[in-house]
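Novice: So this note's numbering is basically just the index in the sequence shown, starting at one, shifted up by 637.
Ideal Cβ positions, reconstructed from N, Cα and C, are used throughout, including at glycine.
My structure is below; once you've seen it, I'll send some questions.
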Amino acid sequence: MNNYAYILDGKAYINLTNKCSNACTFCIRNTGDGVKDTVLWLDDEPTDGKEVLAAFDALEFEGREVVFCGYGEPTENLPVLKEVTRELKSRGYFIRLNTNGLGNLVNGRNIAPELKDIDAVSVSLNSCTADKYLAVTRSAFGVKAFDGVLEFARCCKAGNLDVIFTVVDVIGEKDIANCKKLCDNMGIPLRVRKYVADNYTG
């Protein structure tokens, strides 16, 4: 099954890949294969933006916000991400990227300039130190992943992208407070997200 596009809470979402270099302890991939009645595990990842745009058009979506967020990390499929965002931007949609912030490490370069068609970037900070981040995310990049996330956010901010950090409330109040201090020092806002354990099936 290949659900490249779906609607949730009044927004259209684009699902580009199963790949993710993190294996977060709180990830909804641990408890199911989709959200609500939409299966998000892909049998075949898109290699052409036309496949994704066809799925998006089939939604008959009447809203204005499109979010790149599926069951994998969107920047793992960067060529298709750029192709689809370019087209959707030309149609006047507001485009948001939800990312683990490891796109520079994944692609081996600063990809922020290539994200110019995206309006907002939401980066999962996940914790307040490199060791705690690794414990939560179990990243394939090891302890250097945390600094990679911070550097990606800096690059996006330097490129005049609207950047926000997020954490999930399961990390505890003390670590959330420390994340807030870190974000304040970087001049990037922090949003605390509520943990959803049931994949929106309740």
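Using DSSP with H/G/I as helix, E/B as strand and the rest coil, what is G700?
Specialist: The residue you call residue 700 lines up with position 63 of the sequence shown. Of the three classes helix, strand and coil, the one that applies to G700 here is coil, per DSSP.
Novice: Among N639, L739, R701 and A767, which has the Cα closest to the Cα of G647?
Specialist: For the purposes of this step, residue 647 is taken as residue 10 along the sequence shown, with counting starting at 1. Nearest of N639, L739, R701 and A767 to G647, Cα basis: R701.
Novice: Can you find the residues in the same chain that come closer than 7 Å, C-beta to C-beta, to L677, ignoring five residues on each side of it along the sequence?
Specialist: Position 40 of the sequence shown holds residue 677. Closer than 7 Å at Cβ, skipping near neighbours: N640, N652, D670, G671, G707 and Y708.
Novice: Select from R775, V704, T722 and N744 the residue whose C-alpha is nearest the C-alpha of D754.
Specialist: As a working mapping, residue 754 is identified with position 117 in the sequence shown. Answer by Cα proximity: T722.
Novice: I'd like the list of long-range same chain contacts for L819, defined as Cβ closer than 7 Å, with 5 residues on each side in sequence excluded.
Specialist: By 1-based counting over the sequence shown, the position of residue 819 is 182. The answer, listed in chain order, is C765.
Novice: Under the assumption that V786 contacts V760 (Cβ atoms under 8 Å), give the Cβ distance between them as a whole number of angstroms.
Specialist: Looking up residue 786 in the sequence shown gives position 149. Looking up residue 760 in the sequence shown gives position 123. Going by Cβ atoms, the distance from V786 to V760 rounds to 6 Å, so yes, they are a contact pair.
Novice: Between A757 and I801, is the Cβ-Cβ spacing less than 9 Å?
Specialist: Walking along the sequence shown from the start, residue 757 turns up at place 120. Walking along the sequence shown from the start, residue 801 turns up at place 164. For A757 and I801, yes; Cβs fall inside 9 Å.
Novice: Closer than 7 Å by C-beta to D784: which residues in its own chain qualify, once you throw out the five before and the five after it? Chain order, please.
Specialist: As a working mapping, residue 784 is identified with position 147 in the sequence shown. Correct list, in chain order: A767.
Novice: Please state whether DSSP places G671 in a helix, a strand or coil.
Specialist: As a position in the sequence shown, residue 671 is number 34, starting the count at 1. If DSSP states are grouped into helix, strand and coil, G671 belongs with the strands.
Novice: Considering only the beta carbon of each residue, do G738 and A772 sit closer than 9 Å?
Specialist: Residue 738 sits at position 101 when you count from the first residue of the sequence shown. Residue 772 sits at position 135 when you count from the first residue of the sequence shown. Their beta carbons are not under 9 Å apart, which means G738 does not touch A772 by this criterion.
Novice: Are the beta-carbon atoms belonging to G740 and L715 less than 9 Å from one another?
Specialist: As a working note, residue 740 is residue 103 in the sequence shown. As a working note, residue 715 is residue 78 in the sequence shown. Yes, these two residues count as a Cβ contact at 9 Å.
Novice: Tell me whether the beta-carbon of A642 lies closer than 9 Å to the beta-carbon of A695.
Specialist: By one-based count along the sequence shown, residue 642 stands at place 5. By one-based count along the sequence shown, residue 695 stands at place 58. Closer than 9 Å, so yes.
Novice: Can you give me the Cβ contacts of P750 inside the same chain, cut-off strictly under 7 Å, excluding the 5 residues immediately before and after it?
Specialist: For the purposes of this step, residue 750 is taken as residue 113 along the sequence shown, with counting starting at 1. G796.
Novice: For the beta strand (DSSP E) holding V780, just list the boundary residues, first then last.
Specialist: Looking up residue 780 in the sequence shown gives position 143. Taken as a continuous stretch (DSSP letters only), V780 belongs to no beta strand (DSSP E), as it is neither H nor E.
Novice: Which one of D812, V780 and V689 has the shortest CA to CA distance from V829?
Specialist: On the sequence shown, residue 829 is found 192 positions in, with the first residue counted as 1. Measuring from the Cα of V829, the nearest candidate turns out to be D812.
Novice: Once the 5 residues before and after K794 are set aside, which same chain residues still bring their CB inside 6 Å of it?
Specialist: In the sequence shown, counting from the first residue as 1, residue 794 sits at position 157. Counting only Cβ-Cβ distances below 6 Å, and skipping sequence neighbours, we find V800.
Novice: Could you name the residues of the same chain whose beta carbon sits closer than 6 Å to that of C657, not counting the 5 residues immediately before and after it, in chain order?
Specialist: In the sequence shown, the residue the question calls residue 657 occupies position 20. Once the five neighbours on either side are set aside, the close Cβ partners of C657 are G709 and E710.
Novice: Just the C-alpha distance for V804 and M823, rounded to the nearest angstrom, thanks.
Specialist: For the purposes of this step, residue 804 is identified with residue 167 of the sequence shown, where counting begins at 1. For the purposes of this step, residue 823 is identified with residue 186 of the sequence shown, where counting begins at 1. One C-alpha to the other measures close to 15 Å.
Novice: Using the Cα positions of L827 and C816, report the straight-line distance between them to the nearest angstrom.
Specialist: Residue 827 sits at position 190 when you count from the first residue of the sequence shown. Residue 816 sits at position 179 when you count from the first residue of the sequence shown. Looking at the two C-alpha atoms, the distance is approximately 8 Å.
Novice: With 9 Å as the threshold, decide whether the Cβ of Y643 is near any Cβ in chain C.
Specialist: No chain C is part of this structure, which consists of one protein chain only.
Novice: Going by C-alpha distance, which of M638, L679 and K673 is nearest T654?
Specialist: The residue labelled residue 654 in the question sits at position 17 within the sequence shown. Here the closest residue by C-alpha is L679.
Novice: When the Cα atoms are used, what is the spatial distance from G809 to N763?
Specialist: Position 172 of the sequence shown, counted from the first residue, corresponds to residue 809. Position 126 of the sequence shown, counted from the first residue, corresponds to residue 763. Computed Cα separation, rounded: 11 Å.
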